[in-house]
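Structure, as C-alpha cells:
Number of protein chains: 2
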Amino acid sequence: METVEKGRNEFEVELEPLGRREFCLAGESILDCLHRLGVDLTSVCGGKGKCHACKVKLLKGKASLFSSAELEAFTREQIEAGWRLACQAFPTSPCKIFVPPESMIVSQRVQVEGLSVEVALEPPVKTYRVDLTAPSLSQLVADADGLLDALNGKDPGTGRSIDINVIRNISPQLRSWDWRCSVFARGDEVISIAPQSTCPLGLAVDLGSTKIAGYLVDLSTGRTLKAKGVMNPQISYGEDIITRISQAMGSPGGGKELQEAALNAINQMALDLCKEVDAHPTSIMESVIVGNTAMHHLLLCLPVEQLALSPYVPAVRKALDIKARDVGLQIAPGAYTHILPNVAGFVGADHVAMLLATEAEWSKGIVIAMDIGTNTEVSLVNNGQIVSASCASGPAFEGYHIKDGVRASKGAIEKIRVTRGGVQYDTIDGAPPIGICGSGILDAMAQLLLAGVIDRGGRMIEGSHPRVRTNQNRTEFVVVDEKESGGRPPIVITQKDIRELQLAKAAIRSGVQILLQHSGVSEQQIDKVVIAGAFGSYIDLSNSIAIGLLPSLPLDRFKQVGNAAGTGAKLALVSMSKRSHAGEIGNRANYIELATYPKFQPIFIQACNIGPYQATQWPSP
Amino acid sequence: METVEKGRNEFEVELEPLGRREFCLAGESILDCLHRLGVDLTSVCGGKGKCHACKVKLLKGKASLFSSAELEAFTREQIEAGWRLACQAFPTSPCKIFVPPESMIVSQRVQVEGLSVEVALEPPVKTYRVDLTAPSLSQLVADADGLLDALNGKDPGTGRSIDINVIRNISPQLRSWDWRCSVFARGDEVISIAPQSTCPLGLAVDLGSTKIAGYLVDLSTGRTLKAKGVMNPQISYGEDIITRISQAMGSPGGGKELQEAALNAINQMALDLCKEVDAHPTSIMESVIVGNTAMHHLLLCLPVEQLALSPYVPAVRKALDIKARDVGLQIAPGAYTHILPNVAGFVGADHVAMLLATEAEWSKGIVIAMDIGTNTEVSLVNNGQIVSASCASGPAFEGYHIKDGVRASKGAIEKIRVTRGGVQYDTIDGAPPIGICGSGILDAMAQLLLAGVIDRGGRMIEGSHPRVRTNQNRTEFVVVDEKESGGRPPIVITQKDIRELQLAKAAIRSGVQILLQHSGVSEQQIDKVVIAGAFGSYIDLSNSIAIGLLPSLPLDRFKQVGNAAGTGAKLALVSMSKRSHAGEIGNRANYIELATYPKFQPIFIQACNIGPYQATQWPSP
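Chain order of the listed sequences is A and B.
Using the working numbering, you'd call the opening residue of the first sequence number 703 and step up by one each time.
Using the working numbering, you'd call the opening residue of the second sequence number 703 and step up by one each time.
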C-alpha cells in the first residue's frame, strides 16, 4: 500500500489534481483539512452542508458515513462514484481525494475593465523635489525640521506636520540620498519621502463579496498602469454576506480572521501590481477602497452585528480618511486610505462609486442604475433625485443553489440556446463543460420559456422537449447528457433550479418596481438602464428582458458599463473634486427598505412570474 | 546537598534576599541570568565590567575566575568574602547569590513633586454629553453619523471626523448605554466616547534617563489627582545615554527592546495611577510626554545614530502630535500624545518643559536655569533671549563611578559634615548606611575642602585628618569604618572619587561659564539661578557654592524647583496656550555646542579646581 498511516490520529491524504500529500487530523472534515492546508475550496454556507458547493471525490480510502445533506446533494450514481461534500466527510483511513476545479476558488474570471471617464488630475498627494543642506555644527537643523522648512519654502503652509513613520527613517534615508529627495505631501502633512526619481502611485480597490479588483494608478498623470482581479478569499468562510457576518459574530476572533483574509489579498495584490511596473508598494501614496457595506465593515474591523438586525444600520455612513496602517495596508509610511461613503446597511460604497462613475448617464432624465450580484443594489435617479434600494437576490446568478451551477470559470457554460429538438451552448475558453454559470443560467431560463419548456409560472412541462426528462421523480432539462459529458456527470437544469432563479429574479424586479412606484414613474418612462458589475456585463439583454429581469424597453436604452465601481474608485483616487462629489452623492441618496414597502408582498409575487409585464399587472401603489 | 544540578548545562541559583530558586544557563553571566529572570540589577556600563555597579555576593557555589575588572573593583577582603561583579562572573556550579539592595533598581527615591503654577484651564479635549435617538426603519441613521450630527448640533464644526478606533466599538457601546454618552472631541475629531459619568483624564509623563514621573490629571478641572515615580527600566541596558544609543544601534531589535522597556513602564504607570482613582486608562484622553532628546527618540522609535555622531542632530526638533496608538500607549481609543519640542541633540523636551514651568522666574533679568543629571542642561536667559547648552556631567552625582556611591535609596548617606576629628552623616529614612548618594558626595567634597582634607586641586592630603588613611596604596577618607558598618564593608571616599567629582563639576561649571561669556554677562550679574530636577532639589546650596559647582551668589538668588519638567508637561497637558508657548520656547532657544567654543579647554581646566572662582581666574573670551 502506498499511503501511510501516521500515528493513531492522523491519516495521509493525497490530493488530486494538486499532486500534494498531506495529513488530515482526527476529527477534521475534508473541508477543514483543505482550508488548513491553504487549499481554497469553495464553501457557500460555511460548512453546514447546505450549499453543496464543496464537492470532492473520494478516489481511495474511507470516510465517515454519508450525511443526509450528502444524500440530498448527490444521485445514487454519484454516491457510488465516490462524490462527497467536503464539509460532511471525515476521513477514517488514508485517502486519495479528487478536488474538481469547479469546487476551487482560484482562476475565476474577474472583470477589472470599467468605464473610461475623463477627469482633470487633482490628486490628494502632491510631489515636491527638495535639495537639502547637510547639517553642520554651525548650522544645526534637525532632519525633519529642515525638510519641512525646505517644503514651506517651495509651497508655504504645505509642511506643517510630518507623519511619525516618516520621521522613523528620515535620518539614515536623507544621508543615504545625499540630502536630495522627493517629498510627498497630503494637505499640510508629509506622508512619505523617497529618492527623487520615485513616481507617486495610487491604488484603487473594489472589494466585492466575490471578487477584488485592484488598479495601480500613476498619480502624476492619472493613468492606470495596471489592473488585476483576484477572488476574495473570504469566500472560503461563506459565499453570502450574512454567512460571513455570522462568522464574524460567532467567535471572538471571527471578524479578525475575515478581515485578515481580505487584507492579505489586497496587500498581495498591491505587491503584485507594483512588481509589474518595477515599483514597491511604499510608492503607493494613497489608496481608495470601495465595497458593499458588509465588506467595508469587515475590512475596517467595524461592528457588524447591527448590520444583520433590523433596522440594519451601518456603524458609519460617511466617507472616511484613515491612515493606511490603521487599516493594515502596507503602502507608503504615512499614506491614507480613503473610503467612500455608504448609503445604508445594504447599499455600500461600491454603489456610490458606481454612481460617481456613471453620473454622465444619470445626470438627466429618469435612470435606473443597478449592480447585479448576490446582493443587488438599485438606484432610481429622477432628474438628480436619487432613491436607492437593496435586493436580496442571492447567489443563484453566480451559479449557487443551482444543481449544476458553477462560477464563471474555464469550462463554464455561459451561453445557451434551446432549439426545437436540442440545445447549443458556449463554454468559457471553449473548454469541456463543467457546469453552468450565471449568464448561461439566465439564458437557459429565457430559452426554456420561449421554447415552451417552462410556463410563465415556472413549471417545467414534461414532454415539451426531447431534453426534458424525469430523474428520481425530479423533472430536469438536460443541457449536457451522459454521452456528451465524456464520463463526467451530466449537466442539467432542474425544476428546483428554475424556482431558485424565479426568486432571484423576483427580488431584483420587485425592487425596481417599488422604486418606480415610490417615485411615481412608469416602466416606459425610464430613459436609461445602467447595468454595472461583472455579471451585468455578460448577460444577454434580450433574454433578460424576455424573463422580466429587466424592464421591457428598447435595447438602446440599456448600457452595460462593466466594473463601474472600480472606475468610481479610480476617479476618487485621482480627483479630489470627484472624491468630494462622491460624498455628496452618498448624502443625497435616499435609501428605502423594500421589505417595509406596503405593497412589497404582492409586487414580489407578481415578479416571480417569468416574462415581461404589462403595467396593469402590478398592484397599484 | 540542597541545591540541584539540572542537566549538564544549567545550574540552580538561589537568590537572596529575594527567596527565589531559578536556573542559570551555561555560559550565562549572573547579570544576564538575573535580567532574563526579570531581576532589575543595575548596570551602568551595559555589562562591560567598567561601572562596578552590579555587585553581588556569592554565598555558596563556584563561578568563573576573577576578571581584572573585579580585582580593581574589590579589596582583598571583599574578594575573600565572595563579592563579584555580576557581569563578570559565570556560575560553574549550583550557587547561592546575595543581591544587595544597592545593586537593585527598585524602590529608589523618585521625585514627582514640582512647582505649582496657576494656569487657566484650556484642555485639548472637550467633553460633550449627548442623548441620541435609536435608529428605526423610518429614521435610518448610521451610528457614527448620528453621533457626529448630535455633536454638531451642540457645537457646530466639532464633529467633523471620528477616529476609526472609536467606530470599531460604537455600535455595541451606544446600544449598551441606551444611546446616552459623553463624547470627547479634540479639535474637530471625536477621539473617544464613554458613559456619561466618565471623567476625562490626562497623563503627563517626564521620561528621564533614570526616573519616570507620571501625573494623572482631571482634564475637567486641571487638578492633579495622583502622581507616581518609577525607575526607568532602560537602566538595566546601561545607565548613560550613549550606552543606550549604542545598544539601540548595536542590534537590529536593540532600539525596539529599549522602546518597549520604557513604554511598558509608562503603560503600567498609567494603569497604576488610574487604579488609584478607580478609573481605567481608556479614560485618559490625552497625554503629554517630555524627556531628553535620546529618551524622546528611543520612545518614539526614531533614528538615534546621528544623535551620537557630530553634529549630533535630532531626527526632529519640533513638537509632535501623534496618535497614542502609534507610540504604543494604551489610553483612550483615538487619543493623541503631544510631545514637546527638543532644542538640540542633547537639550531635549524635558528642558523645554522646565523652561515652560519656570517662566515666571526667568521672564525678566538674567537667569541661569539648569537641570543637573547624568547630562546637565543649562540655559542662560538674558531678558527673554535663551541660549542653551548641554554638559556631559556623567553619573558621578548619581552615585556612579564613585567607589561607595549608591543611588538615593534607603540607607544612602545624603548629608555629610566633616568635623575636626570625625564625621557625621544622615541616611535616607535613617536606615543603616549602605553607601553615599549624590547630595552626600557633593557635601563630602565641600566639607573635605573646608576641613583641609583636600586642596583646591583636589589632592587628598595624608595626615590632614584622623579619618584619612592609605589602603592598598590608595588614599581614602573613611566615612563609615569597619567597626561602625556592622560587618558590612566600610564606606569611604577615595582620591579617585574626588577626581571623578571634579570632572563632573567642571563639566557643569564650564558650561555655565561659557554661556556667561557667550552672552557677555558676568557671574555677579546673574539675577537668579533656577535649579530643577531631583538631585538639584536635595543638594546643599552652600556646599555647592563652596566647591564652585554653582556661581558664588547670595543664597536668595537660588531657587530649587524640584521636577519642573513634570510641571511643564502638566501645563502643556491642561493648557493649549501653554502648549503652543512651549513650541515658541523650543524655537527661541539657541543651542551652542560647548566643545566647539574656542576657549572650552582652558575654561574646563580652570573649572576642575574646587572652590569659588574670581572673575579674573577665567580665561577671557
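Glycine included, C-beta positions come from ideal geometry on N, C-alpha and C.
Check your understanding: Apart from the five residues on each side of it in sequence, which residues of its chain come closer than 6 angstroms, Cβ to Cβ, to Val-812 (chain B)?
Key -> For the purposes of this step, residue 812 (chain B) is taken as residue 110 along the second sequence, with counting starting at 1. Because the pLDDT at Val-812 (chain B) is just 45, under 50, the model does not fix this residue reliably, and the value given afterwards should be weighed accordingly. Within the same chain, Cβ atoms closer than 6 angstroms to the Cβ of Val-812 (chain B) are found at Lys-913, Gly-931, the five residues on either side in sequence being excluded.
**Study point:** beta strand (DSSP E) runs wholly inside the stretch 803 to 890 of chain B, at least 3 long, in chain order
**Key:** Those beta strand (DSSP E) runs which fall completely within the stretch 803 to 890 of chain B and span 3+ residues are 827 to 833, 882 to 888.
Check your understanding: Does the stretch 1172 to 1179 of chain A come close enough to the stretch 1264 to 1272 of chain A to have 3 or more Cβ pairs within less than 8 angstroms?
Key -> The stretch 1172 to 1179 of chain A, when compared against the stretch 1264 to 1272 of chain A, does not touch it at the 8 angstroms Cβ threshold.
Check your understanding: Exposed or buried, Thr-923 (chain A), counting other C-beta atoms within 10 Å across all chains shown (16 or more means buried)?
Key -> Within the first sequence, residue 923 (chain A) is the residue found at index 221, counting from 1. Its Cβ having fewer than 16 others within 10 Å, Thr-923 (chain A) is exposed.
Exercise for review: Answer yes or no: do Asn-966 (chain B) and Gly-1159 (chain B) have a C-beta to C-beta separation smaller than 8 angstroms?
Suggested key: Taking the second sequence and counting its residues from 1, the one referred to as residue 966 (chain B) is at position 264. Taking the second sequence and counting its residues from 1, the one referred to as residue 1159 (chain B) is at position 457. Not closer than 8 angstroms, so no.
Review point. Do you know offhand how far Ala-972 (chain A)'s Cα is from Lys-928 (chain A)'s?
Key: As a first step, residue 972 (chain A) must be located in the first sequence, where it is residue number 270. As a first step, residue 928 (chain A) must be located in the first sequence, where it is residue number 226. Using only the alpha carbons, I get a separation of about 10 angstroms.
Practice item. Going by DSSP, name the residue or residues bridged to Met-1162 (chain B). Key: In the second sequence, residue 1162 (chain B) corresponds to position 460, counting from 1. In the DSSP assignment, the residues bridged to Met-1162 (chain B) are B:Ile-1156.
Point to revise | Of the listed residues A:Leu-1011, A:Asp-980, A:Pro-1097, A:Val-1029, nearest to Ile-991 (chain A) (C-alpha basis) | key: Residue numbering aside, residue 991 (chain A) sits at position 289 when the first sequence is read from its first letter. For Ile-991 (chain A), the nearest C-alpha among the options comes from A:Val-1029.
Check your understanding: When burial is assigned at 16 or more other CB atoms within 10 Å of the CB, is Thr-900 (chain A) buried or exposed?
Key -> Residue 900 (chain A) sits at position 198 when you count from the first residue of the first sequence. Classification for Thr-900 (chain A): buried.
Review point. Should Ile-1193 (chain B) and Ile-1115 (chain B) be called a contact, given that it needs their Cβ atoms to be closer than 8 angstroms?
Key: Counting from one through the second sequence, the residue named residue 1193 (chain B) turns up at place 491. Counting from one through the second sequence, the residue named residue 1115 (chain B) turns up at place 413. In this structure, Ile-1115 (chain B) lies closer than 8 angstroms to Ile-1193 (chain B) by Cβ.
Exercise for review: Count the other C-beta atoms from every protein chain shown that fall within 10 angstroms of the C-beta of Gln-1215 (chain A), then say buried if there are 16 or more, exposed otherwise.
Suggested key: In the first sequence, the residue the question calls residue 1215 (chain A) occupies position 513. Buried is the call here.
**Study point:** Val-1155 (chain B) at chain A interface by Cβ criterion, 8 angstroms
**Key:** Counted from its first residue, the second sequence places residue 1155 (chain B) at position 453. For Val-1155 (chain B), no CB of chain A lies under 8 angstroms from its own CB, so it is not counted at the interface with that chain.
Exercise for review: Could you tell me whether the stretch 788 to 801 of chain A touches the stretch 733 to 743 of chain A, using the rule of 3 or more Cβ pairs below 8 angstroms?
Suggested key: Result yes; three or more Cβ-Cβ pairs closer than 8 angstroms.
Review point. Is the Cβ of Pro-954 (chain A) closer than 8 angstroms to any Cβ of chain B?
Key: Reading the first sequence from its first residue, position 252 is the one you call residue 954 (chain A). No, its Cβ sits nowhere closer than 8 angstroms to a Cβ of chain B.
Review point. Can you give the Cα-Cα distance for Lys-708 (chain A) and Asp-974 (chain A), rounded to whole angstroms?
Key: Translated into positions along the first sequence, residue 708 (chain A) becomes position 6. Translated into positions along the first sequence, residue 974 (chain A) becomes position 272. Because the pLDDT at Lys-708 (chain A) is just 42, under 50, the model does not fix this residue reliably, and the value given afterwards should be weighed accordingly. Straight-line Cα distance between these residues: approximately 38 angstroms.
Check your understanding: DSSP on His-1220 (chain B), reduced to helix/strand/coil?
Key -> Locating residue 1220 (chain B) in the second sequence gives position 518, where the first residue counts as 1. His-1220 (chain B) falls in the helix class under three-state DSSP.
Check your understanding: Is the stretch 856 to 872 of chain B touching the stretch 1057 to 1077 of chain B, taking contact as three or more C-beta pairs under 8 angstroms?
Key -> Taking 8 angstroms as the limit for Cβ pairs, the verdict is that the stretch 1057 to 1077 of chain B does not touch the stretch 856 to 872 of chain B.
Exercise for review: Tell me Met-933 (chain B)'s beta-bridge partners as DSSP assigns them.
Suggested key: Counting from one through the second sequence, the residue named residue 933 (chain B) turns up at place 231. For Met-933 (chain B), the beta-bridge partners assigned by DSSP are B:Lys-913.
Point to revise | Contact set for Thr-1318 (chain B): own chain, Cβ-Cβ below 6 angstroms, skip 5 residues either direction | key: Residue numbering aside, residue 1318 (chain B) sits at position 616 when the second sequence is read from its first letter. Here the set comprises nothing.
**Study point:** Any chain B beta carbon closer than 8 angstroms to Pro-1016 (chain A)
**Key:** Position 314 of the first sequence, counted from the first residue, corresponds to residue 1016 (chain A). With its beta carbon less than 8 angstroms from one in chain B, Pro-1016 (chain A) belongs to the interface.
Practice item. Rank B:Lys-1117, B:Val-1125, B:Gly-1124 by C-alpha distance to the C-alpha of Gly-1132 (chain B) and give the top, closest one. Key: Along the second sequence, one-based indexing puts residue 1132 (chain B) at 430. Closest option to Gly-1132 (chain B), Cα to Cα, is B:Lys-1117.
Check your understanding: Quick one: is Glu-978 (chain B) buried, meaning 16 or more other Cβ sit within 10 Å of its Cβ, or exposed?
Key -> Indexing the second sequence from 1 puts residue 978 (chain B) at position 276. Residue environment analysis places Glu-978 (chain B) among the exposed positions, since fewer than 16 neighbouring C-beta atoms fall within 10 angstroms of its C-beta.
Check your understanding: How is the beta strand (DSSP E) around Arg-1290 (chain B) delimited, first residue to last?
Key -> By one-based count along the second sequence, residue 1290 (chain B) stands at place 588. Per DSSP, Arg-1290 (chain B) is not a residue of any beta strand (DSSP E); the alpha helix (DSSP H) it occupies stretches across 1278 to 1290.
Exercise for review: Pull up the distance between the alpha-carbon of Val-1054 (chain A) and that of Glu-1079 (chain A), whole angstroms please.
Suggested key: The residue labelled residue 1054 (chain A) in the question sits at position 352 within the first sequence. The residue labelled residue 1079 (chain A) in the question sits at position 377 within the first sequence. Each residue's Cα considered, the two are about 10 angstroms apart.
Review point. Taking only beta-carbon atoms, is Val-1214 (chain A) less than 8 angstroms away from chain B?
Key: Within the first sequence, the letter at position 512 stands for residue 1214 (chain A). Using beta-carbon distances, Val-1214 (chain A) does not count as an interface residue toward chain B, since no partner is under 8 angstroms.
Check your understanding: Across which residues does DSSP place Asp-1073 (chain B) in a beta bridge pair?
Key -> Working through the second sequence from its first residue, we reach residue 1073 (chain B) at position 371. Note: Asp-1073 (chain B) sits in a beta bridge opposite B:Glu-1079, B:Ala-1234.
Exercise for review: Could you name the residues of the same chain whose beta carbon sits closer than 7 angstroms to that of Gln-1227 (chain A), not counting the 5 residues immediately before and after it, in chain order?
Suggested key: As a working note, residue 1227 (chain A) is residue 525 in the first sequence. Shown here for Gln-1227 (chain A): same chain residues with a beta carbon closer than 7 angstroms to its own, the five before and five after excluded, namely Ile-1068 in chain order.
Check your understanding: What residues from chain A crowd round Asn-871 (chain B), counting only those whose CB sits closer than 8 angstroms?
Key -> By 1-based counting over the second sequence, the position of residue 871 (chain B) is 169. Simply Pro-1005.
Review point. Would you say Ile-1024 (chain B) reaches chain A, if we count a Cβ-Cβ gap shorter than 8 angstroms as a contact?
Key: What you label residue 1024 (chain B) is simply residue 322 of the second sequence in a count that begins at 1. It does: the Cβ of Ile-1024 (chain B) has a partner Cβ on chain A nearer than 8 angstroms.
**Study point:** Short Cβ contact (8 angstroms threshold) for Ile-893 (chain B) with Ala-1034 (chain B)
**Key:** Residue mapping note: residue 893 (chain B) aligns to position 191 of the second sequence, counting from 1. Residue mapping note: residue 1034 (chain B) aligns to position 332 of the second sequence, counting from 1. Yes, Cβ-Cβ distance for Ile-893 (chain B) and Ala-1034 (chain B) is below 8 angstroms.
Check your understanding: Could you give the uninterrupted runs of the alpha helix (DSSP H) lying entirely in the stretch 918 to 984 of chain A, keeping only those of 4 residues or more?
Key -> For secondary structure counted as the alpha helix (DSSP H) over 4 or more consecutive residues, the stretch 918 to 984 of chain A holds these complete runs in sequence order: 943 to 952, 956 to 978.
Exercise for review: Give me the Cα-Cα distance between Glu-1178 (chain A) and Pro-1304 (chain A), rounded to the nearest whole angstrom.
Suggested key: Along the first sequence, one-based indexing puts residue 1178 (chain A) at 476. Along the first sequence, one-based indexing puts residue 1304 (chain A) at 602. In a straight line, the C-alpha of Glu-1178 (chain A) is about 29 angstroms away from that of Pro-1304 (chain A).
Point to revise | Enclosing alpha helix (DSSP H) for Val-1054 (chain A) [first to last residue] | key: As a working note, residue 1054 (chain A) is residue 352 in the first sequence. Run containing Val-1054 (chain A): 1051 to 1059, per the alpha helix (DSSP H) assignment.
Review point. If we ignore side chains and look at the alpha-carbon of each, how far apart do Ile-968 (chain B) and Tyr-1293 (chain A) end up?
Key: As a working mapping, residue 968 (chain B) is identified with position 266 in the second sequence. As a working mapping, residue 1293 (chain A) is identified with position 591 in the first sequence. Counting only the Cα atoms, Tyr-1293 (chain A) lies some 48 angstroms from Ile-968 (chain B).
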